[in-house]
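Participant: One structure coming up, written as structure tokens, with questions to follow.
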Amino acid sequence: MSTLLADAPEITLPDPSNAPRCFALDRRTFLQLFGGGLLVCLTGESALAQESGRGFGGGRQQVPSDVSAWIHIAADNRISVFTGKVEVGQNIRTSLAQQVADELMVPFDAITMVMGDTDLTPYDMGTFGSQSTPQMGPRLRTMAAAARQALVEMAAKQWSCDAAALIVADGKVTAPNANQSLTYGQLTRGEKLVTTVSASAPLLAPKDWKVAGTPVPKANGRDFVTGKHQYPSDITLPGMMFGKVLRATGYNATVDSIDTSAAEKMPGVKLVRDGDFIGVVAPDAWTAEAALAAIKAKWTVPSQPSNQNIFDYLKSNSEAPRGGTRSNAASQPAAAAAAPASADAIELAQSYTVQYIAHAPLEPRAAVAQWDSTGKLTVWTGTQRPFGVKDELVAAFHLDPSKVRVIQPDMGAGYGGKHTGDAAVEAARLAKGAGAPVRLVWTREEEFTWAYFRPAGLMELKASVQHDGTLVSWEHHNYNSGNAGLPTPYNVANPVTEYHASKSPLRIGSYRALASTANHFARECFMDELAHAVGMDPLTFRHQNLTEPRLLAVLNAAADKFGWAPGKSTPTRGFGLACGMEKGGHVATCAEVAIDPANKKVHIVRVVSAWESGAVVNPDGLRNQNMGAIVQGIGGALFEAIRFSDGRILNPHFESYRLPRFSDTPQVEIVLVDRKDIAPAGAGETGLVGLAPAVGNAIFAATGERLRNMPMAPSDLVPGIASSPVQS
Amino acid sequence: MSTLTLHINGVDLPVDAPGDETLLSVLRNRLSLTGTKYGCGEGECGACTVLLDGHAVKSCQTLMSEAAGAKITTIEGLAPDAQHGQLTAVQQAFLDEGAFQCGYCTSGMIMRATAMLNVTPHPTEAQIVSSMNGNVCRCGTYPRIIAAVQHASALAATHSSEKGAAR
Numbered sequence: 001m002s003t004l005l006a007d008a009p010e011i012t013l014p015d016p017s018n019a020p021r022c023f024a025l026d027r028r029t030f031l032q033l034f035g036g037g038l039l040v041c042l043t044g045e046s047a048l049a050q051e052s053g054r055g056f057g058g059g060r061q062q063v064p065s066d067v068s069a070w071i072h073i074a075a076d077n078r079i080s081v082f083t084g085k086v087e088v089g090q091n092i093r094t095s096l097a098q099q100v101a102d103e104l105m106v107p108f109d110a111i112t113m114v115m116g117d118t119d120l121t122p123y124d125m126g127t128f129g130s131q132s133t134p135q136m137g138p139r140l141r142t143m144a145a146a147a148r149q150a151l152v153e154m155a156a157k158q159w160s161c162d163a164a165a166l167i168v169a170d171g172k173v174t175a176p177n178a179n180q181s182l183t184y185g186q187l188t189r190g191e192k193l194v195t196t197v198s199a200s201a202p203l204l205a206p207k208d209w210k211v212a213g214t215p216v217p218k219a220n221g222r223d224f225v226t227g228k229h230q231y232p233s234d235i236t237l238p239g240m241m242f243g244k245v246l247r248a249t250g251y252n253a254t255v256d257s258i259d260t261s262a263a264e265k266m267p268g269v270k271l272v273r274d275g276d277f278i279g280v281v282a283p284d285a286w287t288a289e290a291a292l293a294a295i296k297a298k299w300t301v302p303s304q305p306s307n308q309n310i311f312d313y314l315k316s317n318s319e320a321p322r323g324g325t326r327s328n329a330a331s332q333p334a335a336a337a338a339a340p341a342s343a344d345a346i347e348l349a350q351s352y353t354v355q356y357i358a359h360a361p362l363e364p365r366a367a368v369a370q371w372d373s374t375g376k377l378t379v380w381t382g383t384q385r386p387f388g389v390k391d392e393l394v395a396a397f398h399l400d401p402s403k404v405r406v407i408q409p410d411m412g413a414g415y416g417g418k419h420t421g422d423a424a425v426e427a428a429r430l431a432k433g434a435g436a437p438v439r440l441v442w443t444r445e446e447e448f449t450w451a452y453f454r455p456a457g458l459m460e461l462k463a464s465v466q467h468d469g470t471l472v473s474w475e476h477h478n479y480n481s482g483n484a485g486l487p488t489p490y491n492v493a494n495p496v497t498e499y500h501a502s503k504s505p506l507r508i509g510s511y512r513a514l515a516s517t518a519n520h521f522a523r524e525c526f527m528d529e530l531a532h533a534v535g536m537d538p539l540t541f542r543h544q545n546l547t548e549p550r551l552l553a554v555l556n557a558a559a560d561k562f563g564w565a566p567g568k569s570t571p572t573r574g575f576g577l578a579c580g581m582e583k584g585g586h587v588a589t590c591a592e593v594a595i596d597p598a599n600k601k602v603h604i605v606r607v608v609s610a611w612e613s614g615a616v617v618n619p620d621g622l623r624n625q626n627m628g629a630i631v632q633g634i635g636g637a638l639f640e641a642i643r644f645s646d647g648r649i650l651n652p653h654f655e656s657y658r659l660p661r662f663s664d665t666p667q668v669e670i671v672l673v674d675r676k677d678i679a680p681a682g683a684g685e686t687g688l689v690g691l692a693p694a695v696g697n698a699i700f701a702a703t704g705e706r707l708r709n710m711p712m713a714p715s716d717l718v719p720g721i722a723s724s725p726v727q728s
Numbered sequence: 729m730s731t732l733t734l735h736i737n738g739v740d741l742p743v744d745a746p747g748d749e750t751l752l753s754v755l756r757n758r759l760s761l762t763g764t765k766y767g768c769g770e771g772e773c774g775a776c777t778v779l780l781d782g783h784a785v786k787s788c789q790t791l792m793s794e795a796a797g798a799k800i801t802t803i804e805g806l807a808p809d810a811q812h813g814q815l816t817a818v819q820q821a822f823l824d825e826g827a828f829q830c831g832y833c834t835s836g837m838i839m840r841a842t843a844m845l846n847v848t849p850h851p852t853e854a855q856i857v858s859s860m861n862g863n864v865c866r867c868g869t870y871p872r873i874i875a876a877v878q879h880a881s882a883l884a885a886t887h888s889s890e891k892g893a894a895r
């Protein structure tokens with residue numbers, strides 16, 4: 001399989017202000033949906049006039065083409081906020097609404113977030129890279145502040161008074177003598193108003209937040225405990241049929257023969273064939289499955305790499321290192337090799353590996369597609385990139401962009417694994433063939449086989465350290481898995497950190513925290529090795545080589561809460577730590593592991609993780625994300641690995657691909673460091689990176705066994721990796 | 729195809745389907761009771777958990793014909809008035825503890841916890857882990873789910889003592 005270029009793990013985010021705009025608001029839809037009120041649009045740097053006048057939909061006024069967000073305030077005071085970001089479990093629906101509520105000075109419940117609908121929301125590249133909080137947050141806050149300003153000015157005009165003297169609270173503007181008060185909705189008088197604002201309104205400082213900064217519960221939480229919320233795979237349309245798609249028995253397979261006659265004879269079944277694409281639709285899902293099973297196909301699958309030789313393969317197929325732009329700013333040209341070890345320094349060199357792993361979101365890929373009588377295609381699907389999926393549909397069916405709408409209901413998670421529109425395109429093709437709406441839900445096996453993986457990677461590290469614990473040279477090469485988290489935060493002259501892209505035999509793409517997990521595993525375990533080499537406590541060793549104040553702050557916060565002390569480990573109880581930073585998030589993780597001397601089983605007993613990503617928007621959501629990252633991280637650290645050979649996935653089931661469960665879960669304590677003086681960064685990813693190295697270092701502290709391959713204690717042997725001295 | 733009557737959430741529903749169709753498929757694809765989720769279809773994740781005569785079963789491993797004659801309860805049928813009324817102690821506890829992220833596993837978790845608390849009203853943490861270990865939360869909210877089950881146990885005890893006092 002070819003690398004998924006658009007989602008390569010080393011993806012570099014373009015400057016959002018230069019992002020291609022794909023503005024497709026049907027203003028009549030807006031009118032029908034929302035009627036009168038005030039529509040506030042936020043433009044980029046090329047802001048048009050501050051006040052673009054009255055009458056949206058009226059022809060004279062055009063909404064500018066670089067609108068990046070908007071808010072509608074209805075005559076009945078309902079406030080709708082539109083953004084192309086999507087909710088995948090990271091709680092952004094709640095935390096964005098909190099920020100808007102503060103700037104608009106309304107209660108949290110007054111806000112409805114409309115998200116991830118390509119007809120209703122402005123263009124957005126996608127929900128990834130921990131960008132929603134640092135980018136969409138300020139955008140929506142700016143717009144909300146400007147909306148509030150506009151409403152106050154309307155009140156001042158109505159009452160012929162000074163706007164500065166008016167009081168705004170709880171969605172109302174009140175005159176200075178308190179004898180008059182109008183709600184935002186009343187101020188619009190039900191007229192259709194448009195205001196265009198630029199990104200310049202002053203924003204509340206985090207210390208003045210009232211709704212943001214508090215633990216507001218998940219928006220619409222009740223819908224999730226009553227089964228009311230409809231995920232993409234739950235969407236049900238009148239006359240809807242059910243689809244299945246024929247899959248090859250391996251990657252890069254060629255078809256020898258296909259016999260569809262039995263399937264086509266089944267009542268109600270329709271075969272949809274278009275080049276290589278073969279699918280079936282039926283009035284019910286059970287029949288569709290039976291029809292797919294009735295297709296007889298023979299394939300030839302070519303010989304392909306397996307786990308056995310994967311790291312040799314990745315290294316021998318790697319490209320020249322990417323310096324500077326593609327690697328990282330700290331990287332030096334390859335010629336500037338690491339400084340040679342001096343006589344009084346110890347030099348170490350080691351290799352670390354990570355295997356391919358699967359995102360395994362509990363809701364697999366799913367889509368419901370419908371073509372209407374005008375030829376317009378609407379697809380409900382689970383994706384982190386609704387506008388990207390729209391582009392895929394436009395290309396696949398040669399459609400005008402106005403003829404495609406993608407709607408993303410809050411979905412059963414993604415973790416970076418749902419950037420593509422595979423199921424959306426397939427469902428649309430089936431629906432076209434069926435002449436009816438079609439629901440397509442991938443099976444777990446399809447999700448394991450035909451989605452994409454977190455890439456495997458080889459990390460080669462070399463460093464020298466003086467006997468007093470001072471790092472004097474550093475070299476870190478990553479083959480295939482990516483450059484995220486590759487620069488070292490430790491003080492060392494002329495570090496060499498290089499990413500070598502390679503040719504992956506499996507389809508790869510983004511995964512929560514990207515290569516930061518692999519690079520932190522390697523670096524933080526290697527730091528532990530260096531500390532032991534010079535006989536220093538791992539915390540003291542980090543203190544000696546670290547001056548980055550935010551990273552030091554979380555390191556000390558975690559160590560304090562954990563009760564870190566040198567030399568506590570015994571053969572049955574190990575203590576380890578790790579830290580790192582990426583995308584504005586700073587994390588330090590301490591782990592305590594128990595080793596059963598009888599069977600060498602390792603159990604993670606307790607984890608303390610300290611986190612700082614600027615001002616805290618929702619402490620409850622932030623704790624939840626960090627706790628979830630720790631628990632999810634256990635899988636990759638100890639036992640998750642995709643086993644593959646000759647173009648086939650050998651463990652495409654939960655029975656053979658082990659996920660973290662209740663019984664694997666330690667006591668988890670999250671320490672939040674709230675920096676109200678720093679703008680909030682994203683927090684869904686980087687919390688993952690400290691767990692594996694902290695656990696690896698704890699296992700070493702107990703057993704003296706240094707585990708350099710993730711997963712460190714797989715239940716089944718991973719071909720090519722020596723049997724682990726500990727079990728999970 | 730055969731017609732069977734399923735007793736779901738207090739209502740008798742006739743269903744035309746092959747007897748070997750799974751209860752999960754019938755619920756989701758024929759009756760639009762989509763609160764019960766597909767996660768793996770192999771009985772390994774618990775997202776499809778429903779109650780059969782009060783016992784938690786994985787509906788992807790239960791044939792429609794096996795479910796006929798039993799009282800089937802899905803997430804939609806737990807609270808008498810799911811839209812606006814009082815939630816069950818377990819549902820309320822999941823809300824109070826924020827015991828979810830994406831929420832896709834939540835239906836199955838709530839059904840499993842409900843069945844366990846019916847049998848063991850005051851479970852230890854070890855009993856909760858043991859009883860719920862077949863249910864997967866890929867977002868990793870297990871510590872909160874354990875807290876929610878403990879909270880639900882306390883809520884239910886409060887409710888029953890209030891009822892007792894009212895008598």
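So the protein sequences, as listed, match chains V and U. Position 694 of the first sequence, counted from 1, bears residue number 694 in our numbering, the numbering being contiguous throughout. Position 108 of the second sequence, counted from 1, bears residue number 836 in our numbering, the numbering being contiguous throughout. Glycine included, each C-beta is placed from N, C-alpha and C at the ideal position.
(1) Excluding the 5 residues preceding and the 5 following U:R840 in the sequence, name in chain order all residues of the same chain whose CB lies nearer than 8 Å to its CB.
(2) Where do the N-terminal and C-terminal ends of the alpha helix (DSSP H) with V:I737 fall, by residue?
(3) Is there at least one Cβ from chain A nearer than 8 Å to U:S793's Cβ?
(4) From V:G185 to V:T195, what does the alpha carbon distance come to, in whole angstroms?
(5) List the DSSP bridge partners of V:R648.
(6) For V:D501, which of V:T572, V:G509, V:T300 has the nearest alpha-carbon?
(7) Along chain U, which residues have their Cβ under 9 Å away from the Cβ of V:D620?
(8) Residue ranges of each beta strand (DSSP E) run of no fewer than 3 residues wholly in the segment 129-212 of chain V, ordered along the chain?
(9) Nearest-angstrom Cα distance between V:T83 and V:D124?
(10) Hey, could you find the ends of the alpha helix (DSSP H) V:D391 is sitting in?
(11) Compare the C-beta of V:M710 against all C-beta atoms of chain U and say whether one is closer than 8 Å.
(12) Relative to the C-alpha of V:Y657, which candidate in V:G690, V:S715, V:G129 has its C-alpha closest?
(13) Here's a check: name, in chain order, each residue in its chain whose Cβ is nearer than 6 Å to the Cβ of U:L741, leaving out the five neighbours to either side.
(14) How many Å lie between U:A880 and U:Q829 at the Cα?
(15) Check whether the Cβ of U:V864 lies closer than 8 Å to any Cβ atom in chain V.
(16) Less than 8 Å between the C-beta atoms of V:A75 and V:E103, yes or no?
(17) Could you have a look at V:D256 and say whether DSSP puts it in helix, strand or coil?
(18) Please list, in chain order, all residues of the same chain as U:H850 whose beta carbon is under 6 Å from its beta carbon, the five residues on each side excluded.
(19) Grab the span of the beta strand (DSSP E) containing V:T112 for me, first residue to last.
(20) Have a look at the DSSP bridge pairing and note the partners of U:P742.
(21) Could you list which residues in chain V have their beta carbon closer than 7 Å to that of U:N896, in chain order?
(22) In its own chain, which residues sit with a C-beta less than 7 Å from the C-beta of V:L551, not counting the 5 before and 5 after it?
(23) By the 7 Å beta-carbon criterion, what residues does the segment 631-658 of chain V contribute toward chain U?
(24) As an exercise, report each continuous beta strand (DSSP E) stretch of at least 3 residues that is fully enclosed by the segment 638-725 of chain V, in chain order.
(25) From the DSSP output, which residues share a beta bridge with V:C41?
(26) Look up V:Y479 in the DSSP assignment and say whether it is helix, strand or coil.
(27) I'd like the span of the beta strand (DSSP E) that includes U:E749, first residue to last.
(28) I need the straight-line Cα distance from V:R189 to U:I803, nearest angstrom please.
(29) Does V:N177 come within less than 8 Å of chain U when only Cβ atoms are used?
(30) Show which residues of chain V have a CB atom less than 9 Å away from the CB atom of U:C773.
(31) Just list the residues that DSSP pairs V:A349 with in beta bridges.
(32) In chain order, what residues of the same chain lie with their CB nearer than 8 Å to the CB of V:N91, ignoring the 5 residues before and after it?
(33) Starting from the Cα of V:A610, find the closest Cα among V:F277, V:G268, V:V671, V:L314 and give me that residue.
(34) When you compare the CB of U:T848 with every CB in chain V, is at least one pair closer than 8 Å?
(35) Going by beta carbon distance, what residues of the same chain come within less than 7 Å of V:C22, once the five residues before and after it are set aside?
(36) Run through chain U and tell me which residues come within less than 7 Å of V:Q230, C-beta to C-beta.
Facilitator: Quick answer:
(1) G774, T777, A784, S859, M860, G862, N863
(2) What the structure shows of chain V is the stretch from 1 to 728, and residue 737 of chain V is not part of that stretch, so it cannot be assessed.
(3) Absent here is chain A; the protein component of the structure consists of chains V and U.
(4) 15 Å
(5) V:S645
(6) A small correction: the amino acid at residue 501 of chain V is Ala; Asp does not occupy that position in the sequence shown. Cα-wise, what sits closest to V:A501 is V:G509.
(7) Going along chain U in sequence order, the residues near V:D620 (Cβ under 9 Å) are G826.
(8) Qualifying beta strand (DSSP E) stretches, in chain order: 167-169, 172-174, 181-183, 192-197.
(9) 8 Å
(10) 386-397
(11) no
(12) V:S715
(13) Cβ contact annotation for U:L741 (same chain, cutoff 6 Å, sequence separation greater than five): L734, in chain order.
(14) 19 Å
(15) Closer than 8 Å to some Cβ of chain V, the Cβ of U:V864 qualifies, so yes.
(16) Here V:A75 is not near V:E103, since their CB atoms are 8 Å or more apart.
(17) strand
(18) S881
(19) 111-115
(20) DSSP links U:P742 through a beta bridge to U:T733.
(21) This structure does not reach residue 896 of chain U, given that chain U is present from 729 up to 895, and the question cannot be answered.
(22) Result list for V:L551: P489, C579, M581, H586, in chain order.
(23) V631, Q632, H653, F654, E655
(24) Scanning the segment 638-725 of chain V for uninterrupted beta strand (DSSP E) segments of 3 residues or longer gives 667-672, listed from N- to C-terminal end.
(25) V:W70, V:T196
(26) strand
(27) It is not in any beta strand (DSSP E) - U:E749 carries neither H nor E in the DSSP assignment.
(28) 43 Å
(29) no
(30) L362, R444, F654, L659
(31) Paired residue(s): V:K462.
(32) Closer than 8 Å at the Cβ level, and outside the excluded window around V:N91, lie K218, N618, G621, N624, Q625.
(33) V:V671
(34) no
(35) Confidence at V:C22 is low in this model, with a pLDDT of 32, below 50, so its placement is unreliable and no value can be given for it.
(36) T762
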